[in-house]
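Colleague: Quick one: the structure is below, and I'll ask about it shortly.
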Amino acid sequence: MRGKFITLEGVDGAGKSTHLGWLVNYLRTQGRTVVQTREPGGTPLGEKLRELLLHEPMHLETEALLMFAARREHLELLIKPAVARGDWVVCDRFTDASFAYQGGGRGLSMEKIARLETWVQEGFQPDLTLLFDLPVDIAAGRMAGAARQLDRFEREKADFHERVRATYLARAAQMPARVKVIDSRQTPEQ
Ligand code: TYD
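Residues -6 to 183 in the working numbering are what the sequence shown lists, from first letter to last.
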């Protein structure tokens, strides 16, 4: 039987990483074989592209193309084979992030992103997407508490993150069967 493909999304600082580990453990206690992965990344080449994407300044279309190049590799090498053998795949970010960050945040045309999506995914979509939603000022406050160096996206100004959040919420409203919004102002247990 085919496995499921679940993606986690949200603005930076919304707490998706906290929930990822919990979700993977929960599914394992339910007897599922779970592959935990992330985007950009998830393959040796994808992780190299991630380094560039997170730290190297580049044209916004280059950024979108590299996101989808990493995604192509990820789908062929890891995600599709895992789902085909019956494993469940839990992925930290996927194509909704390209619409939210490159489209909403940076202003790349949604139509161009949709064309890349069609090319790279050929109709393949997550079975479920959990969108962790949090007002941008609260998310920024949570990130400020982190000791590590911020990446190129995390360093963007509040209005960038507002557009990212609004794009995520609009997509959730358009695709309510796939995208479930979780209010991240709640405690993790809630
Ligand atoms: P993130 O998932 O937040 O990882 P960490 O928790 O380690 O910071 O970082 C990935 C960044 O990549 C995030 O800021 C959003 C960005 N991103 C895009 O802009 N487009 C995409 O298609 C994907 C998958 C990620």
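Where is the CB? At the ideal position from N, CA and C, for every residue including glycine.
1) Taking contact to mean at least 3 C-beta pairs separated by less than 8 Å, is the stretch 33 to 50 in contact with the stretch 103 to 114?
2) Give, in chain order, every unbroken run of the beta strand (DSSP E) that is at least 3 residues long and sits entirely within the stretch 44 to 107.
3) Check the DSSP bridge columns for L209 and list the partner residues they point to.
4) Do you know whose CA, among Q183, T36, D126, G24, lies nearest T160's CA?
5) For the alpha helix (DSSP H) that T160 lies in, which residues bound it at each end?
6) Can you determine whether any heavy atom of the ligand TYD sits closer than 6 Å to the C-beta of M103, and answer yes or no?
7) So the alpha helix (DSSP H) D176 belongs to, where does it begin and stop?
8) Would you kindly work out how many angstroms separate the C-alpha atoms of R141 and E44, rounded to a whole number?
9) Heavy atom of the ligand TYD less than 6 Å from the Cβ of Y161, yes or no?
10) Alpha carbon to alpha carbon, how far is F61 from G3?
11) Whose C-alpha, out of K9, R178, L70, Q95, is nearest the C-alpha of G39?
Modeller: Taking the definition as stated:
1) With the rule of 3 Cβ pairs closer than 8 Å, the stretch 33 to 50 does not count as touching the stretch 103 to 114.
2) 81 to 85
3) There is no way to answer for residue 209, as the model of the chain reaches only from -6 to 183.
4) D126
5) 151 to 167
6) No; taking the cut-off as 6 Å, the Cβ of M103 has no heavy atom of the ligand TYD nearer than that.
7) No alpha helix (DSSP H) holds D176; the beta strand (DSSP E) holding it covers 172 to 176.
8) 15 Å
9) no
10) 19 Å
11) L70
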